[in-house]
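What follows is a short report on a single structure.
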Amino acid sequence: MLVLFDVGEPTSLDDDYTEDLRSPDWKTERHVLHALKMLGHPVAVLGVHNDTGLIREMIARFQPDIIFNMIEEFANSLDNESRITSFLELQGIPLTGCGSAGISLSKDKPIAKKILSYHGIRVPRFVVQPPGRLIKMPRDLEYPLIVKPAHEEASQGISLRSVVKNPTELINRICHVHERFQQDAIVEEFVEGRELYASLLGNKKISCFPAREMTWRKDVPAQARFAGYKVKWDNQYRRRWGIRNRHLPDSENSLQRKIDSTCKEIYRRLNLKGYARLDLRATPSGDLVFLEANPNPMLAKDEDFALSAKKSGLDYPKLIGKIISLAS
Numbered sequence: 001m002l003v004l005f006d007v008g009e010p011t012s013l014d015d016d017y018t019e020d021l022r023s024p025d026w027k028t029e030r031h032v033l034h035a036l037k038m039l040g041h042p043v044a045v046l047g048v049h050n051d052t053g054l055i056r057e058m059i060a061r062f063q064p065d066i067i068f069n070m071i072e073e074f075a076n077s078l079d080n081e082s083r084i085t086s087f088l089e090l091q092g093i094p095l096t097g098c099g100s101a102g103i104s105l106s107k108d109k110p111i112a113k114k115i116l117s118y119h120g121i122r123v124p125r126f127v128v129q130p131p132g133r134l135i136k137m138p139r140d141l142e143y144p145l146i147v148k149p150a151h152e153e154a155s156q157g158i159s160l161r162s163v164v165k166n167p168t169e170l171i172n173r174i175c176h177v178h179e180r181f182q183q184d185a186i187v188e189e190f191v192e193g194r195e196l197y198a199s200l201l202g203n204k205k206i207s208c209f210p211a212r213e214m215t216w217r218k219d220v221p222a223q224a225r226f227a228g229y230k231v232k233w234d235n236q237y238r239r240r241w242g243i244r245n246r247h248l249p250d251s252e253n254s255l256q257r258k259i260d261s262t263c264k265e266i267y268r269r270l271n272l273k274g275y276a277r278l279d280l281r282a283t284p285s286g287d288l289v290f291l292e293a294n295p296n297p298m299l300a301k302d303e304d305f306a307l308s309a310k311k312s313g314l315d316y317p318k319l320i321g322k323i324i325s326l327a328s
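Counting from 1, one number per residue, gives the positions in the sequence shown under our numbering.
Printed below as a string of structure tokens:
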């Protein structure tokens with residue numbers, strides 16, 4: 001098995017990643033490689049920066065029967081994830097995770113929302129504001145609104161200032177996204193409700209694991225309860241606001257069933273396969289609202305995807321084995 005992951009600088013075929021794998025930033029790679037060892041797979045590893053030739057050389061040298069793909073960016077660009085996945089698909093070797101088509105659809109957030117809305121899945125009402133054009137006030141959207149970069153991941157560019165309550169704040173935030181990220185800004189209705197994460201596994205037959213929920217201290221106002229960058233990644237910030245991720249309570253079986261059916265439909269409509277995490281809102285009235293799809297989410301054993309699998313009875317090595325069995 002050939003394990004591929006992205007790195008920030010050029011590599012060679014014989015690079016040794018022993019020291020890197022001790023770093024907290026490499027926990028996903030470390031956890032996956034340990035699970036593969038427990039499963040008895042002979043493994044070669046390659047860090048990929050911007051040279052597809054190295055991948056071809058490694059394939060010729062090692063002749064893997066499966067490629068375990070953990071590449072999220074190529075040449076330091078997240079926009080290249082679907083492109084490098086397309087390249088790997090052309091090698092004719094079974095590949096773990098989502099294919100290039102599903103990645104392309106999911107990563108284009110406006111397109112994903114339009115597709116799902118067409119198929120009757122509720123999404124936030126939104127408009128797209130491209131850079132270099134006159135900013136128009138959205139007529140059919142009511143404040144508060146939330147402004148996000150259209151093509152970032154991991155909640156980059158999302159903070160408390162992303163929620164705007166008047167035209168001045170809206171224009172300022174759109175300009176911030178344009179200047180900081182050099183891309184379209186999505187302006188969408190702010191949907192109050194519970195922040196839910198659904199983890200799914202499968203190709204034609206899809207399993208939806210028990211959902212996870214992000215919760216806040218009780219005195220945190222509703223319009224501050226959303227997953228911005230610091231909310232996800234800054235432990236000190238999380239402690240200050242009493243933020244934690246937990247399993248959906250077992251008593252909420254009806255909500256879990258609704259999540260299962262809705263998310264399986266989303267998974268199919270976005271051409272996802274392998275494994276993915278879907279981010280949702282559950283409104284006070286009981287509606288589920290799609291926020292975004294994350295194909296090939298973080299696989300570290302202490303992150304939401306693996307914890308949801310564990311809740312369903314699938315321990316970490318078995319989860320990695322399932323992902324391998326779905327390679328195509």
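For each residue, glycine too, the CB sits at the ideal point set by N, CA and C.
What's the call for residue i, buried or exposed, on a 16-neighbour Cβ count within 10 Å?
{"i": "P42", "result": "exposed"}
{"i": "N294", "result": "buried"}
{"i": "T283", "result": "exposed"}
{"i": "T262", "result": "buried"}
{"i": "R161", "result": "exposed"}
{"i": "K107", "result": "buried"}
{"i": "P124", "result": "buried"}
{"i": "L2", "result": "buried"}
{"i": "H178", "result": "buried"}
{"i": "L13", "result": "exposed"}
{"i": "V147", "result": "buried"}
{"i": "R133", "result": "exposed"}
{"i": "G92", "result": "exposed"}
{"i": "P64", "result": "buried"}
{"i": "P149", "result": "buried"}
{"i": "K114", "result": "exposed"}
{"i": "Y333", "result": "Because the chain is modelled from 1 through 328, residue 333 falls outside the range shown and cannot be assessed."}
{"i": "S254", "result": "exposed"}
{"i": "G286", "result": "exposed"}
{"i": "K37", "result": "exposed"}
{"i": "K218", "result": "exposed"}
Between the beta-carbon of residue i and the beta-carbon of residue j, is there less than 8 Å?
{"i": "S207", "j": "L196", "result": "no"}
{"i": "E9", "j": "L21", "result": "no"}
{"i": "I259", "j": "A309", "result": "no"}
{"i": "K273", "j": "N203", "result": "yes"}
{"i": "H31", "j": "A327", "result": "no"}
{"i": "E265", "j": "I121", "result": "yes"}
{"i": "N245", "j": "D315", "result": "no"}
{"i": "L33", "j": "L46", "result": "no"}
{"i": "F209", "j": "S312", "result": "yes"}
{"i": "W233", "j": "V220", "result": "no"}
{"i": "V48", "j": "D6", "result": "yes"}
{"i": "L116", "j": "R239", "result": "no"}
{"i": "I66", "j": "I324", "result": "yes"}
{"i": "R281", "j": "L291", "result": "yes"}
{"i": "F181", "j": "E153", "result": "no"}
{"i": "A35", "j": "P317", "result": "yes"}
Within its chain, find whatever has a CB closer than 8 Å to the CB of residue i; leave out the 5 residues flanking it on each side and keep chain order.
{"i": "A227", "result": "S155, I158, E195, M214, D279"}
{"i": "N69", "result": "L4, T85, L88, L95, T96, G97, N296"}
{"i": "N80", "result": "E73, F74"}
{"i": "L141", "result": "R125, F126, V127, V187, E188, E189"}
{"i": "H247", "result": "P210, A211, R212, E213, L307, S308, K311"}
{"i": "Y237", "result": "K230, V231, I243"}
So, for residue i: in the same chain, excluding its five sequence neighbours on each side, which residues have a beta-carbon less than 7 Å away from its beta-carbon?
{"i": "I135", "result": "Q129, I171, I174"}
{"i": "P144", "result": "V163, V164, K165, F190, Q223"}
{"i": "A101", "result": "N271"}
{"i": "G321", "result": "L39"}
Considering only DSSP beta bridges, list what residue i is partnered with.
{"i": "N294", "result": "R277"}
{"i": "A309", "result": "A309 is not bridged to any residue."}
{"i": "V3", "result": "V45, F68"}
{"i": "K322", "result": "According to DSSP, which records beta bridges pairwise, K322 is partnered with nothing at all."}
{"i": "D177", "result": "Correcting the residue identity first, residue 177 is Val in this sequence and not Asp. Beta-bridge pairing links V177 to no other residue."}
{"i": "V164", "result": "L145"}
{"i": "I206", "result": "G202"}
{"i": "L196", "result": "E213, L280"}
{"i": "E81", "result": "Answer is none; E81 lacks a bridge partner."}
{"i": "L314", "result": "Answer is none; L314 lacks a bridge partner."}
{"i": "E334", "result": "Here the chain has residues from 1 to 328 only, and residue 334 is not among them."}
{"i": "L288", "result": "A282"}
With a threshold of 8 Å between beta carbons, is residue i in contact with chain C?
{"i": "I71", "result": "Here chain C cannot be found, since the structure has a single protein chain."}
Leaving out the 5 sequence neighbours to the left and right, which residues in its chain are closer than 6 Å to residue i when beta-carbon positions are compared?
{"i": "K27", "result": "A300"}
{"i": "N50", "result": "A75"}
{"i": "A44", "result": "L2, F62"}
{"i": "E192", "result": "A222"}
At 3 residues or longer, and completely inside the segment 26-79: list those beta strand (DSSP E) runs for me, N to C.
-> 44-48, 67-70
Pick out the complete alpha helix (DSSP H) segments inside the segment 211-271, 4 residues or longer, and give them in chain order.
-> Correct list: 229-233, 235-241, 253-269.
Considering only residues of the segment 92-135, which uninterrupted beta strand (DSSP E) runs meet the minimum length of 3 residues and lie entirely inside it, listed in chain order?
-> Counting only runs that start and end inside the segment 92-135, the beta strand (DSSP E) elements of at least 3 residues fall at 126-129.
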